[in-house]
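Using UniProt numbering, count along the sequence shown one by one with no gaps and you end on 268.
Shown next, in structure tokens, is the structure this report addresses.
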Amino acid sequence: MIVTTTEKPSASARLKAAELAGELGGKLVERRNRTLKQLSERYSDAELLVVTSGELRYYREASETPLYFHPSMAYVRVKRLRKGERDPLVELSGCRPGDSVLDCTAGLGSDAVVFSYAAGPEGAVTALESEPVLCAVVREGLKSYRTELPDVNEALRRIEMVCADHASYLTSLPDNSFDIVYFDPMFRQPVTESSALEPLRALANHEALSPETIAQAVRVARKKVVIKEKNNSPEFERLGFERCPVKKTSAVGYGVIMIEPKQCKQPT
Numbered sequence: 001m002i003v004t005t006t007e008k009p010s011a012s013a014r015l016k017a018a019e020l021a022g023e024l025g026g027k028l029v030e031r032r033n034r035t036l037k038q039l040s041e042r043y044s045d046a047e048l049l050v051v052t053s054g055e056l057r058y059y060r061e062a063s064e065t066p067l068y069f070h071p072s073m074a075y076v077r078v079k080r081l082r083k084g085e086r087d088p089l090v091e092l093s094g095c096r097p098g099d100s101v102l103d104c105t106a107g108l109g110s111d112a113v114v115f116s117y118a119a120g121p122e123g124a125v126t127a128l129e130s131e132p133v134l135c136a137v138v139r140e141g142l143k144s145y146r147t148e149l150p151d152v153n154e155a156l157r158r159i160e161m162v163c164a165d166h167a168s169y170l171t172s173l174p175d176n177s178f179d180i181v182y183f184d185p186m187f188r189q190p191v192t193e194s195s196a197l198e199p200l201r202a203l204a205n206h207e208a209l210s211p212e213t214i215a216q217a218v219r220v221a222r223k224k225v226v227i228k229e230k231n232n233s234p235e236f237e238r239l240g241f242e243r244c245p246v247k248k249t250s251a252v253g254y255g256v257i258m259i260e261p262k263q264c265k266q267p268t
């Protein structure tokens, strides 16, 4: 992968490009007024990561639409929460101010943003992403993206992005580490076709969740384990989740595992 900048980069953009090239094992290349296509052809590499003044843009091909961080529908959902309206994920997960949330499949971070706002300044959201490039794009976006709402910006900054495989990460955690553990695995068949999301699908981890991983999530969670899947998915039953009622016409559904109060062992 080529790591480069815009044509007239700032000193900070040059430094960030060098840091990312080292982190991701990419090839640091000076732009020198060359187009992305020219760079791709010159170095025989179709993948490019471009550092701009405000974001990272990842290209699978120089001619394709780039992948970059944008809160998108998460911003719409948070604005609804600000007005006192419901959000299905917040409601079903029971996320409250002060809660700690582990988002095991961060992707572009949309649900992590909603959780972070719902959990508030006293809460904490850790978002895991196993694919290093995607993790870097979202991590840097969460640090720099600005909306016109200061409390939403603060929610973005509070999210801790961690580049890790969720199965290994869960195994490393002690019991009862988070209030809520959440999974939104990449759907095998997309709900909607979108050329803008194709770079995400190319980068994302498509492995199915295992029952062993869910067992670890149950051990780690204090309140609930939640999964988002296609409404008609057999994954709910396979992994032991109780389906939550949704409209029959809804493309997306949720499943929940309620955590029983964990009894302390009595001294002998």
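Heads up, the beta-carbon is just placed ideally off N, CA and C, and yes, glycines get one too.
In the structure shown, the three-state DSSP call for Y145 is coil. Contact annotation: the stretch 163-178 touches the stretch 212-228, with at least three C-beta pairs closer than 8 Å. As the crow flies, the alpha-carbon of L102 is around 36 Å from that of S63. Bridge partners of A164 according to DSSP: none are assigned.
F69 is positioned such that its CB atom lies no closer than 8 Å to that of V125.
Relative to L28, the option among T35, R34 and A17 whose CA is nearest is A17. CA-CA distance, L81 to R31, rounds to 43 Å. DSSP, read as helix, strand or coil, puts I259 in coil. Take H166, set aside five residues on each side of it, and the residues of its chain with a beta-carbon closer than 6 Å to its own are C104 and L128, in chain order. The distance from the Cβ of N231 to that of G255 is about 11 Å, inconsistent with a contact at the 8 Å cut-off. Distance from the CA of Y117 to the CA of S44, rounded to the nearest whole angstrom, comes to 43 Å.
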